[in-house]
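Engineer:
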C-alpha cells in the first residue's frame, strides 16, 4: 500500500536535525530556516533606510508583485492544443472514431452532438433534432456511422460520408448506448431495465427483458456474441445476443448490494470487472457513502484500476487481489482509461484536471489543466499521444500528451 499524501507528522521531528523520509522520496534541496531568519531588530534597521515620501513612478508600483491579471492568468492555465467551443451547454460525452482516431463526437446539454476534426476543431457534422441533453454519442466499429442518444430516449444514427440521418428510434429514458465491436449493430439500455439491439440501418430489433429496474451500464464482449449488463438492483447479467437468453446472473451474496455504476472487460473477454454504489452498513436506511465511478483492466500487466467518487484511484494486483497503490485526488474522479499498450492509467475529475498515473509506482506522470469546470468524460487515442476531454464549461479540449519516455 502506497499513500501518496505525505503524513502530517513528517514535519514534526524535533529531535536533532534529522529529516524523516517516506519511501522513495528524494531530497531536492534542504533549506535551514533558523540560520538566516532575520529578527525584528534587523527588519527595523532595514526599514529605517526606506524613504516613505518618495513614491517614485506610479507605473513602478507593480514591480515584483503579482498583479490581479497575472494571478488570473495563472488560474486560467490552459495546456490544451485545440478547444472545441460550439456547444452552448455542458459537454457530457466524447468518443473517437475507431478507424482513424482523427474525428471526435461530443454530446451536450444543448440537445446536440457534433462530429469534428481533432486536429483543428472543424465541424464535420451537426447532429440535431434531439429533444433533450445528448448524453451518449459513439462511432460504429468502422467509423462509417455515428449514433447519438438523448436522455429522453431519442436515438439517431448518421452516415458520416453523406452527413445524413439514416435511422432513428425512441425508447424509454436512455442509460447507455454502444455499438457492436464488429458489425453494424447498436445496443442501448434504458431506465425501465430493457436492453435493445438493432441492425442499422434496416432497424431489425430484439429486446432483452429483465426486472423493472434501470439497466445502468452495458458492454458487448469482444467475441461479439455476448453482452454484459449491470442493473440498479446490483445484479449483473450476461446475455446471449443471438438466442436472447441470459447465460449468467450474478446477484444476492455474490452480487453488489448497491446500484451498478460501471463495468469493463479484459481484452479477451474472459474477465468482467463491475463497480457499484457503496452503501454504509449499520443504519436502517442504508445511505450512499461513496461510489465506484469507473473501472478498467491494464492490457500489459495483471493490474486493474478502480476510481471512486471520493477521489481515490485504487490500483489492484489481479493475480494476488492485493491493493498495490492508492492515488489520492483532491476531488471526485469521473472516469479512468488505461493506455492501450502501457501501464499508464489516466483520470479526469471534478476539479477540471486530467492526470496520468504510472500504475507500477503509483506516482503521477503528468497533469493537464485548461477547463474552468469539472471534466465529465474523456478519451485517449490508440497511440496515447492525445486526450480529448468534455467539460461542464461548455467546451471540449484536445491535449497532446507529452511523456519523457516517448
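Numbering (UniProt numbering), first residue to last: 1 to 406. All residues carry an ideal CB built from backbone N, CA and C; glycine is no exception. Quantities reported herein were computed from a predicted structural model and do not represent experimental measurements.
(1) Run through the DSSP bridge pairs and tell me what residue 301 is partnered with.
(2) Measure the CB-CB distance between residue 109 and residue 148 and report whether it falls below 7 angstroms.
(3) Enumerate in chain order the residues of its own chain whose CB-to-CB distance from residue 372 is below 7 angstroms, with the five nearest sequence positions on each side excluded.
(4) Here's the rule I'm using: 16 or more other beta-carbon atoms within 10 Å means buried, otherwise exposed. How should residue 103 be labelled?
(5) Three-state secondary structure (DSSP) at residue 254?
(6) If contact is defined by three or more beta carbon pairs under 8 angstroms, each pair taking one atom from either stretch, is the region 352-368 in contact with the region 84-94?
(7) Return the CA-CA distance between residue 291 and residue 261, expressed in angstroms with no decimal places.
(8) First and last residue of the beta strand (DSSP E) that includes residue 342?
(9) Taking only the alpha-carbon atoms, compute the straight-line gap between residue 356 and residue 343 and give it to the nearest angstrom.
(10) Please list the terminal residues of the continuous beta strand (DSSP E) segment that includes residue 148.
(11) Assuming residue 276 and residue 244 are in contact, meaning their beta carbons sit under 8 angstroms apart, how far apart are those beta carbons, in whole angstroms?
(12) To the nearest whole angstrom, what separates the beta carbons of residue 401 and residue 386, a pair I think is in contact under 8 angstroms?
(13) Looking only at its chain, what residues have a beta carbon closer than 7 angstroms to the beta carbon of residue 269, apart from the 5 residues adjacent to it on each side?
(14) Are the beta-carbon atoms of residue 186 and residue 217 separated by less than 7 angstroms?
(15) Taking the continuous beta strand (DSSP E) assigned at residue 394, which residues delimit it?
(16) Taking Cβ positions, are residue 94 and residue 379 nearer each other than 7 angstroms?
(17) Taking DSSP's pairing of strands, which residues face residue 376 in a bridge?
(18) Would you kindly work out how many angstroms separate the C-alpha atoms of residue 25 and residue 293, rounded to a whole number?
(19) Our contact map puts residue 359 next to residue 345 with C-beta atoms below 8 angstroms; I'd like the distance itself, whole angstroms only.
(20) Taking DSSP as the reference, what is the three-state secondary structure of residue 235?
(21) I need the boundaries of the beta strand (DSSP E) containing residue 324, first residue and last residue.
(22) Nearest CA to the CA of residue 152: which residue from 176, 267, 158?
(23) Compute the distance between the beta-carbons of residue 408 and residue 329, then report whether it is under 7 angstroms.
(24) Using 7 angstroms as the threshold, is the C-beta distance between residue 130 and residue 142 below it?
(25) DSSP puts residue 289 in a beta bridge; with which residues?
(26) Have a look at residue 123 and residue 115 and give me their C-alpha separation to the nearest angstrom.
(27) Quick check on residue 438: buried or exposed, where buried means 16 or more other Cβ atoms within 10 Å of its Cβ?
(28) With burial defined as no fewer than 16 other Cβ atoms inside 10 Å of the residue's Cβ, what is the status of residue 381: buried or exposed?
(29) Should residue 228 and residue 219 be called a contact, given that it needs their Cβ atoms to be closer than 7 angstroms?
(30) Looking only at its chain, what residues have a beta carbon closer than 6 angstroms to the beta carbon of residue 170, apart from the 5 residues adjacent to it on each side?
(31) Can you pull the DSSP bridge partners for residue 164?
(32) Under the assumption that residue 172 contacts residue 140 (Cβ atoms under 8 angstroms), give the Cβ distance between them as a whole number of angstroms.
(33) Hey, would you say residue 239 sits closer than 7 angstroms to residue 200, going by beta carbons?
(34) Suppose you measure from the CA of residue 71 to the CA of residue 374; what does that come to, to the nearest Å?
(35) Decide if residue 163 is buried, meaning its Cβ has at least 16 other Cβ atoms within 10 Å, or exposed.
Structural biologist: Per the coordinate set shown:
(1) By DSSP's assignment, residue 301 forms no beta bridge with any residue.
(2) Cβ distance not < 7 angstroms, so residue 109 and residue 148 don't count as in contact.
(3) Within the same chain, residue 372 has close Cβ partners 352, 393.
(4) Residue 103 is buried by the Cβ-count criterion.
(5) Helix at residue 254.
(6) No, because fewer than three Cβ pairs between the region 84-94 and the region 352-368 fall closer than 8 angstroms, the two stretches do not touch.
(7) Their backbone Cα atoms lie some 8 angstroms apart in a straight line.
(8) Counting along the chain, residue 342 sits inside no beta strand (DSSP E), nor does DSSP assign it H or E at all.
(9) Straight-line spacing of the CA atoms in residue 356 and residue 343 works out to 10 angstroms.
(10) Residues 145-150.
(11) Incorrect: roughly 26 angstroms between the Cβ atoms, too far for contact.
(12) Rounded, the Cβ-Cβ distance is 6 angstroms, consistent with contact.
(13) Here residue 269 has 221, 222, 223 as same chain residues with Cβ atoms under 7 angstroms from its own Cβ, once five neighbours each way along the sequence are excluded.
(14) Contact: no.
(15) Per DSSP, residue 394 lies in no beta strand (DSSP E) segment and is marked neither H nor E.
(16) In this structure, residue 94 places its C-beta atom within 7 angstroms of the C-beta atom of residue 379.
(17) Answer is none; residue 376 lacks a bridge partner.
(18) With a pLDDT of 41 at residue 25, under the threshold of 50, the predicted position of this residue should be treated as unreliable, and no value is reported.
(19) The Cβ separation is near 5 angstroms, so the contact holds.
(20) Coil.
(21) For residue 324, the uninterrupted beta strand (DSSP E) run begins and ends at 322-328, by DSSP.
(22) Put simply, of 176, 267, 158 the residue whose alpha carbon is nearest the alpha carbon of residue 152 is 176.
(23) The requested residue 408 does not occur in the structure, where the chain is confined to residues 1 to 406.
(24) Not a contact, by the Cβ cut-off of 7 angstroms.
(25) Answer is none; residue 289 lacks a bridge partner.
(26) Distance between the alpha carbons of residue 123 and residue 115: 6 angstroms.
(27) Residue 438 is absent from the structure shown; the chain starts at 1 and stops at 406.
(28) Buried is the label assigned to residue 381, since at least 16 other Cβ atoms lie within 10 Å of its Cβ.
(29) For the 7 angstroms CB-CB criterion, residue 228 and residue 219 form a contact.
(30) Closer than 6 angstroms at Cβ, skipping near neighbours: 153, 154.
(31) Bridge partners of residue 164: 159.
(32) By a beta-carbon distance limit of 8 angstroms, residue 172 does not contact residue 140. Their separation comes to about 23 angstroms.
(33) Their beta carbons are not under 7 angstroms apart, which means residue 239 does not touch residue 200 by this criterion.
(34) Here the model assigns residue 71 a pLDDT of 46, short of 50, so the residue's position is not dependable, and the following value carries that caveat. Roughly 21 angstroms separates the two Cα atoms.
(35) Exposed, by the Cβ-count rule.
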